[in-house]
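Undergrad:
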Amino acid sequence: MTSGAITTGEVLARQMQARFGNLVVHVGEFRGDWSVGIRDADRMVEVCEFAKKDLGFDYLVDLLSVDHCGEDPRFGLVYELYGYGHRCRLRLKTQVSEEVGEVPTVSGVWRGADWLEREVYDMMGIRFRGHPDLRRILMWDGYPYFPLRKDFPLEGKRSDLPDVAFTRPAPLEGGPFVTVAGGKDPVAREPRSRTV
Amino acid sequence: MSELHEIQIKDTAGRATENLEGLRVGRGGEVAELQGEKMVLNMGPSHPSTHGVLRILLELDGEVITKAMPDVGYLHRGDEKIAENMTYTQFIPYTDRLDYLAPLANNVAYALAVEKLMGIQKSLPLRCQYIRVICCELARISAHLLGLGAFAMDVGALTVFLHTFTEREKIYNLIEALTGARFTTSYTRIGGLSRDLPPGWVAQCRAFLNEVVVNFDESEELLTRNRIFVDRTRDVGVITKEAAIDYGLSGPNLRGSGVDHDLRKALPYLVYDQLEFDVPIGSVGDCYDRYLVRMEEMRQSVRILQQCLDRIPGGADNEVGEPICIPDGKTVLPPKSKVLSSMEELIHQFMIVTQGVNAPAGEVYFGAENPKGELGFYISSKGGGTPHRLKIRAPSFANLSIMPHVLPGHMMSDVVSILGSIDFVMGECDR
Chain A
25 MTSGAITTGE VLARQMQARF GNLVVHVGEF RGDWSVGIRD ADRMVEVCEF AKKDLGFDYL
85 VDLLSVDHCG EDPRFGLVYE LYGYGHRCRL RLKTQVSEEV GEVPTVSGVW RGADWLEREV
145 YDMMGIRFRG HPDLRRILMW DGYPYFPLRK DFPLEGKRSD LPDVAFTRPA PLEGGPFVTV
205 AGGKDPVARE PRSRTV
Chain B
69 MSELHEIQIK DTAGRATENL EGLRVGRGGE VAELQGEKMV LNMGPSHPST HGVLRILLEL
129 DGEVITKAMP DVGYLHRGDE KIAENMTYTQ FIPYTDRLDY LAPLANNVAY ALAVEKLMGI
189 QKSLPLRCQY IRVICCELAR ISAHLLGLGA FAMDVGALTV FLHTFTEREK IYNLIEALTG
249 ARFTTSYTRI GGLSRDLPPG WVAQCRAFLN EVVVNFDESE ELLTRNRIFV DRTRDVGVIT
309 KEAAIDYGLS GPNLRGSGVD HDLRKALPYL VYDQLEFDVP IGSVGDCYDR YLVRMEEMRQ
369 SVRILQQCLD RIPGGADNEV GEPICIPDGK TVLPPKSKVL SSMEELIHQF MIVTQGVNAP
429 AGEVYFGAEN PKGELGFYIS SKGGGTPHRL KIRAPSFANL SIMPHVLPGH MMSDVVSILG
489 SIDFVMGECD R
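Protein chains in written order, with the working numbering: chain A, 25 to 220; chain B, 69 to 499.
#1: Rank 44/A, 83/A and 33/A by C-alpha distance to the C-alpha of residue 137/A and give the top, closest one.
#2: Using the C-alpha atoms, what's the distance from residue 148/B back to residue 178/B?
#3: Taking the straight line between their C-alpha atoms, what separation do you get for residue 38/A and residue 269/B?
#4: I'd like to know if residue 207/B contacts chain A, where contact means its C-beta is closer than 8 Å to some C-beta of that chain.
#5: What residue ranges within the segment 288-335 of chain B form continuous beta strand (DSSP E) runs of no fewer than 3 residues, ordered along the chain?
#6: Would residue 466/B pass as an interface residue toward chain A - the criterion being a Cβ-Cβ separation below 8 Å?
#7: Where does residue 346/B land, buried or exposed, given buried means 16+ other C-beta within 10 angstroms?
#8: Examine chain A for any beta-carbon lying closer than 8 Å to the beta-carbon of residue 432/B, and answer yes or no.
#9: Which residues in chain A sit within 7 Å of residue 149/B, going by Cβ to Cβ distance?
#10: Give me, in chain order, the residues of the same chain whose beta-carbon lies closer than 6 Å to that of residue 199/A; leave out the 5 immediate sequence neighbours on both sides.
#11: Within 8 Å of any Cβ in chain A, is that where the Cβ of residue 493/B sits?
#12: Any Cβ of chain A within less than 8 Å of the Cβ of residue 459/B?
#13: Run the CB neighbour count on residue 46/A, radius 10 Å, all protein chains shown included, and call it buried at 16 or more, exposed below.
#14: Note down, in chain order, each residue of its chain lying with its Cβ closer than 7 Å to the Cβ of residue 313/B, except the 5 sequence neighbours on either side.
#15: Residue 229/B to residue 218/B, Cα distance in whole Å?
#16: Can you have a look at residue 236/B and say buried or exposed, based on whether 16 or more other CB atoms are within 10 angstroms of its CB?
#17: By the criterion of Cβ-Cβ separation under 8 Å, what are the contact partners of residue 327/B in chain A?
#18: Where do the N-terminal and C-terminal ends of the beta strand (DSSP E) with residue 134/B fall, by residue?
#19: Strictly under 8 Å for the Cβ-Cβ distance: is residue 448/B near chain A by that measure?
#20: Within 8 Å of any Cβ in chain B, is that where the Cβ of residue 303/A sits?
#21: What's the C-alpha gap between residue 111/B and residue 311/B?
#22: Find the nearest neighbour of residue 299/B within the set 424/B, 356/B, 127/B and 109/B, judged by alpha-carbon distance.
#23: What does residue 139/A touch in chain B if you count any residue whose Cβ is under 7 Å from its own?
#24: Can you name the residues of chain B whose CB is closer than 7 Å to the CB of residue 82/A?
#25: Check the Cβ-Cβ distances between residue 435/B and every residue of chain A, and say whether any is below 8 Å.
#26: Mind listing which residues of the segment 85-110 of chain A have their C-beta closer than 9 Å to chain B's C-betas, in chain order?
#27: Around the C-beta of residue 96/A, are 16 or more other C-beta atoms found within 10 angstroms, so that it is buried, or is it exposed?
#28: Tell me the rounded alpha-carbon separation between residue 491/B and residue 385/B.
#29: Listing by chain order, which chain B residues have their CB less than 9 Å from the CB of residue 163/A?
#30: Mind listing the chain A neighbours of residue 334/B? Cutoff is C-beta to C-beta under 7 Å, in chain order.
#31: Just the chain A side, please: which residues come within less than 9 Å of residue 477/B by C-beta, in chain order?
#32: Does any residue of chain A have a CB that is nearer than 8 Å to the CB of residue 187/B?
#33: Have a look at the DSSP bridge pairing and note the partners of residue 89/A.
#34: Is the number of C-beta pairs between the segment 133-141 of chain B and the segment 395-411 of chain B that are closer than 8 Å three or more?
#35: In chain order, what residues of the same chain lie with their CB nearer than 6 Å to the CB of residue 200/B, ignoring the 5 residues before and after it?
#36: Taking the CB atoms as reference points, tell me whether residue 160/A and residue 169/A lie closer together than 8 Å.
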């Protein structure tokens, strides 16, 4: 990226900050990526509409959730944006706590957010208010857990698909493909069995 | 703005029977039956034309589709969950299996994302960057050959499939000589590559490039002005520019709709800003345009490859010993000859293998121009060798999300054309 592109990324992030004042908690740069932290997830639609219409971010690259298990608020939401006109990226970040567990949908701003939000709901359990069709997309309808949460174990939990199939947790006994990086001795790093 | 885009058909065979007197036979009211309800057809996950395990529920009114609901997730393997439990290097084989038609491109995209996190992306040795570009472009030719071959086969032109697969075999031979495996390459490492070009590889690659251009011409001769192919693909599956941008399409699907966006030109990475190539853009956004865009992209890839093979630092045999990895002992595995004889290298080897490369805390997103579109990796790291969160931004996921918008209004037989022209890979879509 040329220095021209980095400057414009900063310019757009500052414009966002100037428009929303104290709704913006954090504007930072890391490895050339500019990110803007939004304090209140409920006002995300307003922020996204400003980003699309006024700042020219017409492409929602990605919408994802992060589980900061142990911190409060527990979930972070990241909106990765790009504008075809100015060729700049921007990252919008917000948080939602486990009790609230709900954020307004931005599928009215970018229609691509439709499936992305369904995936966030499927994997992390964050609901999207106003979404036209919020149901699971990768797992089957009726799957009881949210797999990407940190308290969901790697090997999976028992679940049933009525009349069709059942799933058991994956056998990890001696599985060489998963090591606990940085464990204190070989036995801790490559456990011979995992208790389910 | 509901996902299930439903339309009403004005004139179908069923409704036309209203006008036929002779059909009002006896019991009365059969015309209402002939109008019929809509039929729900399940184009199931196991289907010869769905290019992998995609399930589409089609609601049909006669021959015309009124609603389409794709059901993805049959190939979901939990890659993102697995990534949270592995070191960065241990995850590289999983990236092979994302877009399994172009594994080298996925390897390169992932390695570049981790290197961006570590801040070493700009300091990669030049030979490494050129070899990575060569890998990406070979993967692009391979993926487009398969995409076009399968598309043509589904539409009915079976010969093209065999033609393109002959060339793909040659690419597989090249890749096998380079990495050891045809398919699951795991070629890149954090900070460099796993091994250098073998002797004679560049000559073999040049010979292949001469042959593949002939093959492109043959395939074009069979398809581009073929009356049947044009009839099946012209004005079918039109995706407007606004829809393409709004749904987050990328790659040839986006460029077929007229958007001039190629990550290799817009946000260049590796040595793409020093290479000369053009980016084909479509105008109408129908299946035919996407076919033409892919065809031309392959020719441009050949052009890029010629330039890279001419300019690669160190030449074909690397007699001068140009490095292919960054010289940082804490990131790149040291040479085996030193590991068992020198203490420092032994420690580096041990730390990298057991704890992984030490990435700083922070988050990055890096998107690469893969054959299917923009493959992006979002990595959130809390320091250490394993990521806290790795999200794979799959181009095929976004490309498929436009199905409920595009399919209604087309006939049943157009589904196959549209699916073939979108050219998605379920491994990538479901992860």
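C-beta: ideal position from N, C-alpha, C; glycine also.
Nothing here was measured: the structure is a model prediction, and the numbers come from that model.
TA: Walking through what the data contain:
#1: Selected option, being the one with the closest Cα: 83/A.
#2: Roughly 13 Å between the two C-alpha positions.
#3: Their backbone Cα atoms lie some 50 Å apart in a straight line.
#4: Using beta-carbon distances, residue 207/B does not count as an interface residue toward chain A, since no partner is under 8 Å.
#5: For secondary structure counted as the beta strand (DSSP E) over 3 or more consecutive residues, the segment 288-335 of chain B holds no complete run.
#6: Closer than 8 Å to some Cβ of chain A, the Cβ of residue 466/B qualifies, so yes.
#7: Residue 346/B comes out exposed.
#8: Residue 432/B counts as touching chain A.
#9: Contact annotation for residue 149/B against chain A: 171, 172 and 178 [CB-CB distance below 7 Å, chain order].
#10: Because the pLDDT at residue 199/A is just 48, under 50, the model does not fix this residue reliably, and the point stays unresolved.
#11: With 8 Å as the cut-off, residue 493/B does not count as an interface residue toward chain A.
#12: For residue 459/B, the answer is yes, since a Cβ of chain A falls inside 8 Å of its Cβ.
#13: Classified as exposed, residue 46/A has fewer than 16 neighbouring CB atoms from the shown chains inside 10 Å of its CB.
#14: The residues are 327.
#15: Residue 229/B and residue 218/B have their C-alpha atoms spaced approximately 6 Å apart.
#16: Buried is the call here.
#17: Neighbours of residue 327/B on chain A, chain order: 108.
#18: Residues 132-139.
#19: Residue-level contact by beta carbon holds for residue 448/B and chain A, with a gap shorter than 8 Å.
#20: Any question about residue 303/A goes unanswered here, given that chain A covers just 25 to 220.
#21: Rounded to the nearest angstrom, the two C-alpha atoms are 25 Å apart.
#22: Checking every option, the nearest Cα to that of residue 299/B belongs to 356/B.
#23: Near residue 139/A (Cβ distances below 7 Å), the residues of chain B are 465 and 469.
#24: The answer, in chain order, is 313.
#25: Chain A contact via Cβ: present.
#26: Within the segment 85-110 of chain A, the residues whose Cβ lies closer than 9 Å to some Cβ of chain B are 85, 86, 88, 89, 90, 91, 92, 100, 102, 104, 106 and 108, listed in chain order.
#27: Residue environment analysis places residue 96/A among the exposed positions, since fewer than 16 neighbouring C-beta atoms fall within 10 angstroms of its C-beta.
#28: Looking at the two C-alpha atoms, the distance is approximately 37 Å.
#29: Within 9 Å Cβ-Cβ: 141 and 144.
#30: Chain A residues near residue 334/B: 111.
#31: For residue 477/B, no chain A residue has a Cβ inside 9 Å of its Cβ, as the nearest lies near 17 Å away.
#32: So, interface residue.
#33: According to DSSP, which records beta bridges pairwise, residue 89/A is partnered with 101/A.
#34: Verdict: no, contact absent.
#35: Cβ within range, chain order: 176 and 338.
#36: No.
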